[in-house]
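Asker: Below is one structure. I have some questions about it.
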Amino acid sequence: QVCGGGKWPELIALEPCASPEDKSGEEYHMFGTDECSVCKALVSDTFGVVRMQRLRPTSTTSADFHALLKRLSLTCDEMPMRHTQRVHLHEEMKDVCRDLWEENAEVFGRMAVERSRKYALSVCTAKLDACS
Numbered sequence: 006q007v008c009g010g011g012k013w014p015e016l017i018a019l020e021p022c023a024s025p026e027d028k029s030g031e032e033y034h035m036f037g038t039d040e041c042s043v044c045k046a047l048v049s050d051t052f053g054v055v056r057m058q059r060l061r062p063t064s065t066t067s068a069d070f071h072a073l074l075k076r077l078s079l080t081c082d083e084m085p086m087r088h089t090q091r092v093h094l095h096e097e098m099k100d101v102c103r104d105l106w107e108e109n110a111e112v113f114g115r116m117a118v119e120r121s122r123k124y125a126l127s128v129c130t131a132k133l134d135a136c137s
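Counting from 6, one number per residue, gives the positions in the sequence shown under my numbering.
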């Protein structure tokens, strides 16, 4: 099982985490606010949004790319709805996400053109070094 419910099974390797038990005894997956966890969630969400879109830009200069990039820029604000997190940590998670996005918009935006699983899996490790 994975953090965030594994909404994008193609990227299941991006979100491994511990599985504490809630009061009912059922497993749930709490999402971290560290840079690595947030990066993995951002990549997973971005990958999912790109895969679900009808727009398929082939260049970073196309109108389709800019329209999709505008949609992707909302990913951080939507993150608490996609990943299990304590309410008091929602803003911290969004702040870490926004910082990652602003500092690396070109890398995340490239996912709109480079839609491969291989590229997505390399973002947090090889491209950004957010996860050691």
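C-beta atoms are modelled at their ideal positions from N, C-alpha and C, and glycine is treated no differently. The structure displayed is predicted, hence computed values, not measured ones.
Going along the chain, which residues of its own chain have a beta-carbon closer than 8 Å to the beta-carbon of Tyr-124, five neighbours each way excluded?
Answerer: Arg-115, Met-116
Asker: Can you give the Cα-Cα distance for Arg-103 and Ser-64, rounded to whole angstroms?
Answerer: 24 Å
Asker: In the structure shown, what three-state DSSP assignment does Ala-125 receive?
Answerer: helix
Asker: List the whole-angstrom C-beta distance separating Leu-60 from Trp-106, where the pair is believed to meet the contact cut-off of C-beta under 8 Å.
Answerer: No, Leu-60 and Trp-106 are not in contact; Cβ-Cβ is about 19 Å, not under 8 Å.
Asker: According to DSSP, simplified to helix, strand and coil, what is Arg-103?
Answerer: helix
Asker: Mind checking Ser-137: buried by the 16 CB within 10 Å criterion, or exposed?
Answerer: exposed
Asker: Keeping to the same chain, check which residues put their C-beta closer than 7 Å to that of His-95; ignore five residues upstream and five downstream.
Answerer: Pro-85
Asker: Less than 8 Å separating the beta-carbons of Thr-51 and Leu-73?
Answerer: no
Asker: Could you check the C-alpha separation between His-88 and Thr-38 for me, to the nearest Å?
Answerer: Taking the straight line from one Cα to the other gives about 11 Å.
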